[in-house]
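With our numbering applied, the sequence shown corresponds to residues 15 to 258, in that order.
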Amino acid sequence: MMMLKKTSLVQQVKELLRERIHRSEFADGRIPPEAELARELNVSRNTVRDALSRLEAEGVVVRRHGAGTFVNQVGLMVKTRLQEITPYESLIRAYNHTPTVRLLETVNCLAGSLGSVLHCSPDVPILLVKKLFLADEQPVILTETFIPRHLIQAPFTPDDLLKPVFEFLPRFCHQELAYFLTELTPMLAPDWVVKHLRLPPDSTAMIVFEEIGYNPNNEPLLKACSYFRDDFLRLRLIRQPPAI
């Protein structure tokens, strides 16, 4: 389950430290003591401690008893956190490519079998939005988003649909996206996905993100599917043993 939260002070400090780590600002990979960072950033030691704990959980830093906190060079290979909702443009930038997004089409259809997951009847009108994300003009991610029409409370333009869905929902649906329930599903790419992602003929097996987005009341707002060209973008994660 992916959570989307308003940026807290701890999150801001965490991202600031992450940026400094990527810029190799810490000599010998050693993170300064918590008290020193707290004075420098004008925050409490608890805030710094919590930020470092999050970076440790993500594998970006390691703590060595009696020695201090150090940058984990292996952890820097992880460009995105699968547990976080990140705009795909940011993911593409993390791989040092220039992102662009294209609106392929919008389709008005009926919910059909989606009604069971969106808690609506099969004959409810649905807006289907298809977008293509490119890295240096190479297609790398294809997305489908299904939003019940009755949730959309304000007129929108095609350019509005180019924004991330968690920005579209508050503005045009008066809804907040709290989290995604995500399934990573292996599948053979449909012909239309092969065409738009320009997949090699012998490389049609892929992992797809199938997601249901919920508001803070645990009510489903949308379904989204994301298809990744994994020969261009590699998704990594660090798995750690449970704490003893």
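Where a beta carbon is used, it is the ideal one built from N, C-alpha and C, also for glycine.
Could you check the C-alpha separation between residue i and residue j for me, to the nearest Å?
i    : j    : result
V57  : R107 : 29 Å
A71  : N86  : 11 Å
S130 : T114 : 34 Å
A168 : K177 : 15 Å
F147 : D245 : 15 Å
S22  : P234 : 25 Å
K144 : F160 : 9 Å
T199 : A219 : 11 Å
W206 : R78  : 50 Å
T100 : G80  : 35 Å
R163 : N231 : 19 Å
A125 : A238 : 13 Å
S127 : T61  : 46 Å
D173 : S217 : 32 Å
E119 : V154 : 17 Å
Y109 : Q152 : 13 Å
A49  : F40  : 16 Å
T157 : L132 : 18 Å
E103 : V74  : 22 Å
E181 : F170 : 13 Å
A142 : I35  : Residue 142 is actually Leu in this sequence, not Ala. Between L142 and I35, the C-alpha separation is close to 40 Å.
Kindly indicate which three-state DSSP category residue i falls into: helix, strand or coil?
i    : result
Y241 : strand
F223 : strand
P172 : helix
R44  : strand
H129 : Position check: residue 129 holds Gly in this sequence, whereas His was assumed. It is helical.
V24  : helix
L213 : coil
F84  : strand
V57  : coil
F78  : In the sequence under discussion, the amino acid at residue 78 is Arg, which differs from the Phe named in the question. Strand.
L247 : coil
Is it buried or exposed, residue i, if we count other Cβ atoms within 10 angstroms and call 16 or more buried?
i    : result
R116 : exposed
C187 : buried
R243 : buried
V24  : buried
V121 : exposed
A203 : buried
V27  : buried
T83  : buried
I221 : exposed
Return the bridge partner residues of residue i from the DSSP annotation.
i    : result
E158 : K144, C239
P139 : L124
P234 : Y228
E119 : K144
A149 : P113, Q152
L198 : F223
Whether or not the stretch 27-40 and the stretch 66-81 are in contact is what I'm after, with contact meaning three or more pairs of Cβ atoms, one per stretch, closer than 8 Å; do they touch? yes
**OP:** Would you check if there are 3 or more beta carbon pairs closer than 8 Å linking the stretch 221-236 to the stretch 181-201?
**Re:** yes
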